[in-house]
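In full-length UniProt numbering, the protein residues as written are 1 to 200.
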């Protein structure tokens, strides 16, 4: 059975920790590929700075030399408020059940998972794997643990060397003309400069 990782997010902008997480998932979880899924309009946060097209462009640049990591534009193509349950419902399937999806989460997302719309449906349709994130414990919410345990399932742990990188911190540094060395792929940084994104 093919196992495909799904990594959703704003990617505003995509940074090196995103790519490192996808790479780690490919190797540690033995996935066939990882799809990066930029949100159209995340309902749990404010407006995004870069346009959908710009965020997709930056992802393409970031993964150009990353075999097994691809861009999935399903949420942007669908438009409107982005709910993971809609994305999960729309996942393509293969005859005979030859494909299984693994939704990749940071520990902070895992802690909030039971606030997501129809989280039980998400948990039923995909496997869940959680990566470490600085300062956040790897403890699934009790309701999620109970829901999965009733099916003989659990949240998979993705060993991941923690990277204290966040898109919000990168945007702040760019707005103040501070260096972002080691945070962004060089082609992504050059794209940001060329399009004057996140300045001021």
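The beta-carbon is built from N, C-alpha and C at its ideal position, and this holds for glycine as well.
Under 8 Å by Cβ, that's how I've got residue i and residue j pegged, so tell me the actual separation to the nearest angstrom.
{"i": "residue 38", "j": "residue 52", "result": "7 Å"}
{"i": "residue 129", "j": "residue 104", "result": "5 Å"}
{"i": "residue 175", "j": "residue 191", "result": "That pair is no contact at about 17 Å."}
{"i": "residue 91", "j": "residue 36", "result": "No, residue 91 and residue 36 are not in contact; Cβ-Cβ is about 15 Å, not under 8 Å."}
{"i": "residue 159", "j": "residue 113", "result": "Their Cβ separation, rounded to whole angstroms, is 20 Å, which puts residue 159 and residue 113 out of contact at 8 Å."}
{"i": "residue 1", "j": "residue 125", "result": "Contact flag wrong, Cβ pair sits at about 15 Å."}
{"i": "residue 3", "j": "residue 21", "result": "Wrong, their Cβ atoms sit about 16 Å apart, outside the cutoff."}
{"i": "residue 178", "j": "residue 102", "result": "Contact doesn't hold; Cβ gap of about 36 Å is too wide."}
{"i": "residue 80", "j": "residue 40", "result": "6 Å"}
Could you tell me which residues DSSP puts in a beta bridge with residue i?
{"i": "residue 42", "result": "82"}
{"i": "residue 100", "result": "3"}
{"i": "residue 71", "result": "36"}
{"i": "residue 131", "result": "106, 158"}
Among the residues of its own chain, which have a CB less than 7 Å from the CB of residue i, if the five just before and after it don't count?
{"i": "residue 42", "result": "10, 82"}
{"i": "residue 157", "result": "130, 138"}
{"i": "residue 15", "result": "165, 167, 170, 183, 184"}
{"i": "residue 143", "result": "114"}
{"i": "residue 152", "result": "none"}
Short of 8 Å in beta carbon distance, which residues of its chain neighbour residue i, apart from the five on each side in sequence? Order them along the chain.
{"i": "residue 13", "result": "50, 55, 58, 167, 170, 171, 184, 188, 192, 197, 198"}
{"i": "residue 26", "result": "5, 33, 34, 68, 69"}
{"i": "residue 88", "result": "101, 103, 121, 122, 125, 126"}
{"i": "residue 116", "result": "83, 84, 85, 122"}
{"i": "residue 180", "result": "170, 173, 174, 189"}
{"i": "residue 93", "result": "99"}
{"i": "residue 66", "result": "19, 22, 23"}
Is there a C-beta anywhere in chain C that falls below 8 Å from the one on residue i?
{"i": "residue 34", "result": "Absence of chain C from the displayed structure is noted, only one protein chain being present."}
Note down, in chain order, each residue of its chain lying with its Cβ closer than 6 Å to the Cβ of residue i, except the 5 sequence neighbours on either side.
{"i": "residue 17", "result": "163, 165"}
{"i": "residue 127", "result": "102"}
{"i": "residue 8", "result": "37"}
{"i": "residue 155", "result": "128, 130, 140"}
Check: Are the region 54-70 and the region 78-97 touching, with three or more C-beta to C-beta distances below 8 Å?
Finding: no
Next item on the list: For the region 60-70 and the region 182-193, state whether three or more C-beta atom pairs, one from each stretch, are separated by less than 8 Å.
Entry: yes
Note to self: Ignoring anything shorter than 4 residues, give me the alpha helix (DSSP H) runs that lie fully in the region 163-193, in order along the chain.
What the structure shows: 167-175
Notebook entry, point to check: Counting Cβ pairs closer than 8 Å, one from the region 66-76 and one from the region 113-121, do we hit at least three?
Noted result: Fewer than three Cβ pairs drawn from the region 66-76 and the region 113-121 lie within less than 8 Å of each other, which leaves the two stretches out of contact.
Margin query: Going residue by residue through the region 9-42, where are the continuous beta strand (DSSP E) segments of at least 3 residues, counting only ones entirely within it?
Written below: 33-38
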